[in-house]
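J.:
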Amino acid sequence: MQINRLFEIVYILMNKKQITANELAARFEVSKRTVLRDIDTLTTAGIPVYTIQGKGGGIFIRDNFVLNKAFVSEDEQKQILFSLQSMAATGLVETNQILGRLRSLFHNSAKEWIEVDFSRWGHSAADNAKFEMLKHAVINELAVSFDYLSPFGELKGREVHPLKLSFKSKAWYLQSFCLNENDYRVFKFTRINNMAVSGKSFAGNNYEIPSIQPAEEKPPEFIHVRIFISQNAKYRIYDEFPESDITVNPDGSLTLRTALGLWIYDYILSYGTAIEVLEPQHIREELLVRLEKIKNKYCKT
Numbered sequence: 000m001q002i003n004r005l006f007e008i009v010y011i012l013m014n015k016k017q018i019t020a021n022e023l024a025a026r027f028e029v030s031k032r033t034v035l036r037d038i039d040t041l042t043t044a045g046i047p048v049y050t051i052q053g054k055g056g057g058i059f060i061r062d063n064f065v066l067n068k069a070f071v072s073e074d075e076q077k078q079i080l081f082s083l084q085s086m087a088a089t090g091l092v093e094t095n096q097i098l099g100r101l102r103s104l105f106h107n108s109a110k111e112w113i114e115v116d117f118s119r120w121g122h123s124a125a126d127n128a129k130f131e132m133l134k135h136a137v138i139n140e141l142a143v144s145f146d147y148l149s150p151f152g153e154l155k156g157r158e159v160h161p162l163k164l165s166f167k168s169k170a171w172y173l174q175s176f177c178l179n180e181n182d183y184r185v186f187k188f189t190r191i192n193n194m195a196v197s198g199k200s201f202a203g204n205n206y207e208i209p210s211i212q213p214a215e216e217k218p219p220e221f222i223h224v225r226i227f228i229s230q231n232a233k234y235r236i237y238d239e240f241p242e243s244d245i246t247v248n249p250d251g252s253l254t255l256r257t258a259l260g261l262w263i264y265d266y267i268l269s270y271g272t273a274i275e276v277l278e279p280q281h282i283r284e285e286l287l288v289r290l291e292k293i294k295n296k297y298c299k300t
């Protein structure tokens with residue numbers, strides 16, 4: 000307890016020019032005598048803490064005091080701050096208090112150099128609340144229940160022992176042991192609904208988490224395609240495919256040679272008139288069938 004109080008006193012003195020022993024005593028709920036003993040301890044340890052008696056006096060620390068660089072080099076200070084900023088940038092881990100204290104100790108303002116937001120547009124609050132609930136359940140080894148929408152459109156109730164949260168391929172996943180299936184399962188974060196943390200605990204040491212592999216989804220079958228993309232859809236192609244798959248045509252349009260999974264039809268149709276499959280022919284023919292079905296939906300009388 001005293002170590003924490005001593006650290007806090009140093010932090011306070013580095014952020015305030017001066018403070019009285021009575022103010023410190025009230026803050027830590029200890030006696031004034033205890034505070035004065037703490038000041039003596041800090042002085043003995045070589046920290047330049049001074050006291051001024053009388054009206055207008057108080058306790059202060061020398062303005063140019065910084066954390067002893069024999070313990071943490073300037074480069075190490077930057078790396079510590081940058082690492083904490085990286086965690087804070089996710090918006091899912093609260094590090095602001097730690098960052099503030101370390102910046103003060105290091106006398107280093109550390110430029111805010113990174114920002115990461117894993118939440119979906121318009122869903123930040125809901126996603127963060129769900130993340131915090133799952134984080135609490137994983138850390139405290141508490142079972143959770145929820146409704147889960149499978150890739151095949153089936154909504155099923157699940158009760159699981161949550162083991163790890165993983166971010167992979169633009170999405171969060173929950174690695175868990177499913178009590179319904181009596182086996183390990185991976186659940187996509189965005190398909191989890193109506194979640195509740197139960198009071199049932201489990202022993203996490205009893206599980207060995209396998210490598211992440213969504214068990215409910217079959218390995219995708221890829222189809223090699225050659226696709227023409229008009230200029231107004233170029234931004235999507237560069238967002239989603241490596242430059243090695245893209246050829247720029249003389250008129251500024253693109254030709255994409257890549258492999259797509261069985262979702263290819265919905266993906267192609269999402270481009271509207273800005274895209275054309277050049278080959279293979281059977282994909283072109285299936286798209287015509289699907290377009291006819293779409294047309295019939297809007298031509299009903």
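Those letters in the sequence shown? Residues 0 to 300, per numbering that gives the first Met the number 0, in order. Note that the Cβ used here is the ideal one computed from N, Cα and C, for glycine as well. The structure displayed is predicted, hence computed values, not measured ones.
Output the distance between the C-alpha atoms of P279 and I222, rounded to the nearest integer angstrom.
T.: The residue given as residue 279 occupies position 280 in the sequence shown. The residue given as residue 222 occupies position 223 in the sequence shown. Going by the C-alpha atoms only, they are around 9 Å apart.
J.: Take L261 as the anchor and find which of V247, L133, L286, I58 has the nearest alpha-carbon.
T.: For the purposes of this step, residue 261 is taken as residue 262 along the sequence shown, with counting starting at 1. Nearest of V247, L133, L286, I58 to L261, Cα basis: L286.
J.: Since I believe S200 is in contact with E158 (beta carbons under 8 Å), could you give me their beta-carbon distance rounded to a whole number of angstroms?
T.: Against the sequence shown, residue 158 aligns to sequence position 159. Against the sequence shown, residue 200 aligns to sequence position 201. Not really, about 13 Å apart at Cβ, beyond 8 Å.
J.: Could you give the C-beta distance for T50 and I60, rounded to a whole number, given that I count them as a contact under 8 Å?
T.: If you number the sequence shown from 1, residue 50 lands on position 51. If you number the sequence shown from 1, residue 60 lands on position 61. Wrong, their Cβ atoms sit about 11 Å apart, outside the cutoff.
J.: How far does the beta strand (DSSP E) with Y264 in it extend, from its first residue to its last?
T.: For the purposes of this step, residue 264 is identified with residue 265 of the sequence shown, where counting begins at 1. That residue, Y264, is in no beta strand (DSSP E); its alpha helix (DSSP H) goes 263 to 268.
J.: Looking only at its chain, what residues have a beta carbon closer than 6 Å to the beta carbon of I282, apart from the 5 residues adjacent to it on each side?
T.: For the purposes of this step, residue 282 is taken as the residue at position 283 of the sequence shown. Only V276 meet the Cβ criterion.
J.: For R32, tell me which candidate among A20, E131, Y206 has the shortest Cα-Cα distance.
T.: On the sequence shown, position 33 is the one that residue 32 refers to. It is A20 whose Cα lies nearest to the Cα of R32.
J.: With E284 as the anchor, note down where its alpha helix (DSSP H) starts and where it stops.
T.: As a working note, residue 284 is residue 285 in the sequence shown. Its alpha helix (DSSP H) spans residues 280 to 297.
J.: With DSSP run on the structure shown, which of helix, strand or coil describes T50?
T.: Taking the first residue of the sequence shown as 1, we reach residue 50 at position 51. T50: strand per DSSP, three-state reduction.
J.: Which residues in the same chain have their Cβ closer than 8 Å to the Cβ of N231, if we skip the five residues on either side of it in sequence?
T.: In the sequence shown, counting from the first residue as 1, residue 231 sits at position 232. Around N231: A273.
J.: Can you say whether H135 is buried or exposed, counting buried as having 16 or more other CB atoms within 10 angstroms of its CB?
T.: The count along the sequence shown starts at 1 and reaches residue 135 at position 136. It counts as exposed.
J.: Alpha carbons only, please: which of V196, E220, E153 is nearest the one belonging to E302?
T.: Residue 302 is absent from the structure shown; the chain starts at 0 and stops at 300.
J.: For Y172, does the three-state DSSP call read helix, strand or coil?
T.: What you label residue 172 is simply residue 173 of the sequence shown in a count that begins at 1. Y172: strand per DSSP, three-state reduction.
J.: Determine the extent of the beta strand (DSSP E) in which N193 is found, giving its start and end residues.
T.: Locating residue 193 in the sequence shown gives position 194, where the first residue counts as 1. 191 to 200 is the span of the beta strand (DSSP E), which, as asked, contains N193.
J.: Pick helix, strand or coil for R157, following the three-state DSSP scheme.
T.: One-based indexing of the sequence shown puts residue 157 at position 158. Correct three-state label for R157: strand.
J.: Taking 8 Å as the cut-off, decide whether the C-beta atoms of L12 and V48 are in contact.
T.: Here residue 12 corresponds to residue number 13 of the sequence shown, with the count starting at 1. Here residue 48 corresponds to residue number 49 of the sequence shown, with the count starting at 1. Cβ atoms of L12 and V48: closer than 8 Å.
J.: Output needed for Q176: all residues of its chain with C-beta closer than 6 Å, excluding positions within five of it in sequence on either side, in chain order.
T.: On the sequence shown, position 177 is the one that residue 176 refers to. In the sequence as presented, Gln is not what sits at residue 176; that position holds Phe. The answer, listed in chain order, is H160, Y183, Y206.
J.: If we ignore side chains and look at the alpha-carbon of each, how far apart do L148 and I191 end up?
T.: Numbered from 1 along the sequence shown, position 149 holds the residue referred to as residue 148. Numbered from 1 along the sequence shown, position 192 holds the residue referred to as residue 191. Those two C-alpha atoms are separated by around 7 Å.
J.: Do L259 and Y270 have their CB atoms nearer than 8 Å?
T.: Locating residue 259 in the sequence shown gives position 260, counting from the first residue. Locating residue 270 in the sequence shown gives position 271, counting from the first residue. No.
J.: Alpha carbon to alpha carbon, what distance is there between R36 and L66?
T.: Locating residue 66 in the sequence shown gives position 67, counting from the first residue. Locating residue 36 in the sequence shown gives position 37, counting from the first residue. Because L66 sits at a pLDDT of 49, beneath the cut-off of 50, its placement in the model cannot be relied upon, and the following sentence gives the value as read from the coordinates. Cα to Cα, L66 sits roughly 22 Å from R36.
J.: Quick one: residues in its chain with C-beta nearer than 6 Å to the C-beta of R225, no 5 flanking neighbours on either side, listed in chain order?
T.: Numbered from its first residue, the sequence shown carries residue 225 at position 226. Closer than 6 Å at Cβ, skipping near neighbours: R256, L277, E278.
J.: Give me the Cα-Cα distance between S210 and K233, rounded to the nearest whole angstrom.
T.: Along the sequence shown, one-based indexing puts residue 210 at 211. Along the sequence shown, one-based indexing puts residue 233 at 234. Their backbone Cα atoms lie some 35 Å apart in a straight line.
J.: Run the CB neighbour count on I293, radius 10 Å, all protein chains shown included, and call it buried at 16 or more, exposed below.
T.: For the purposes of this step, residue 293 is identified with residue 294 of the sequence shown, where counting begins at 1. Label assigned to I293: exposed.
J.: Starting from K31 and walking both ways along the beta strand (DSSP E), at which residues does that stretch end?
T.: Along the sequence shown, one-based indexing puts residue 31 at 32. From DSSP, K31 is part of no beta strand (DSSP E) but of the alpha helix (DSSP H) over 31 to 43.
J.: I need the DSSP call for K167, collapsed to helix, strand or coil.
T.: Start at 1 with the first residue of the sequence shown, and residue 167 comes out as number 168. In the structure shown, K167 sits in a strand (DSSP, three-state: E or B).
J.: Cα separation between E153 and D146?
T.: What you label residue 153 is simply residue 154 of the sequence shown in a count that begins at 1. What you label residue 146 is simply residue 147 of the sequence shown in a count that begins at 1. Approximately 10 Å between the Cα atoms of the pair.
J.: Can you tell me whether I11 is helix, strand or coil according to DSSP?
T.: Against the sequence shown, residue 11 aligns to sequence position 12. Of the three classes helix, strand and coil, the one that applies to I11 here is helix, per DSSP.
J.: List the DSSP bridge partners of E275.
T.: To locate residue 275, count along the sequence shown from 1; it is residue 276. BP columns for E275 point to F227.
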